[in-house]
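Residue numbers (the working numbering): 3 to 149. Note that the Cβ used here is the ideal one computed from N, Cα and C, for glycine as well. Note sheet for the following structure.
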């Protein structure tokens, strides 16, 4: 993958199921950002192929380049999904918009070893939600502290 327009900065949106938005708030946010940013920026949105059947996958949506990963963007797999997205994005994007804290373990390395801009939305106090088992709560609490 290479930057399409080198005169434009590239923003990577990480931590969503993907666009077109079919899941929740972060996906809706990503879609709205794409609608308003693609005139001035190259935008890459990371998507999970688990929620987009092969026949529904497109390479571009509303001017944004879509990158599909074969990992679920939710649950325990979200840690690997976000980490791989972040690792991939540091080679192509000038700024990373990370939605959620699942990939929080990667962020100190991005700050220490790259000059990429980081924007993180932590999505509230995720680690307090009842749906998570104790180890997941601990990880989410810890990942949030790394920010």
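Taking the DSSP output, what are the residues bridged to residue i?
i, result
"residue 16", "100"
"residue 70", "49"
"residue 119", "97"
"residue 44", "12"
Which class does residue i belong to by DSSP, given the choice of helix, strand or coil?
i, result
"residue 5", "Only weak support is given to the placement of residue 5: the predicted model assigns it a pLDDT of 47, under 50, and the value that follows is read from those uncertain coordinates. In the structure shown, residue 5 sits in coil (DSSP, three-state: anything other than H, G, I, E or B)."
"residue 21", "coil"
"residue 63", "strand"
"residue 109", "helix"
"residue 88", "helix"
"residue 75", "coil"
"residue 27", "helix"
"residue 132", "coil"
"residue 160", "Residue 160 lies beyond the range of the chain shown here (3 to 149); nothing can be said about it."
"residue 148", "coil"
Can you list, in chain order, the residues of its chain whose CB lies under 6 angstroms from that of residue i, leaving out five sequence neighbours each side?
i, result
"residue 133", "none"
"residue 25", "19"
"residue 45", "13, 36, 39, 66"
"residue 73", "79, 82, 83"
"residue 11", "43, 96"
Would you call residue i buried or exposed, if buried means 16 or more other Cβ atoms sit within 10 Å of its Cβ?
i, result
"residue 62", "exposed"
"residue 20", "buried"
"residue 42", "exposed"
"residue 9", "exposed"
"residue 57", "exposed"
"residue 115", "exposed"
"residue 135", "exposed"
Near residue i, which residues of its chain fall below 8 angstroms by C-beta distance, leaving aside the five closest residues on each side in sequence?
i, result
"residue 112", "88, 92, 98, 118, 120"
"residue 110", "148"
"residue 60", "68"
Within its chain, find whatever has a CB closer than 7 angstroms to the CB of residue i; leave out the 5 residues flanking it on each side and keep chain order.
i, result
"residue 146", "103, 106, 124, 129"
"residue 22", "33, 63"
Original post:
With a cut-off of 8 angstroms, do at least 3 Cβ pairs link the segment 10-21 to the segment 88-102?
Top reply: yes
Original post:
Within the chosen definition, does the segment 53-66 reach the segment 80-90 through at least 3 CB pairs nearer than 8 angstroms?
Top reply: no
Original post:
Are three or more beta carbon pairs between the segment 33-45 and the segment 65-74 nearer than 8 angstroms?
Top reply: yes
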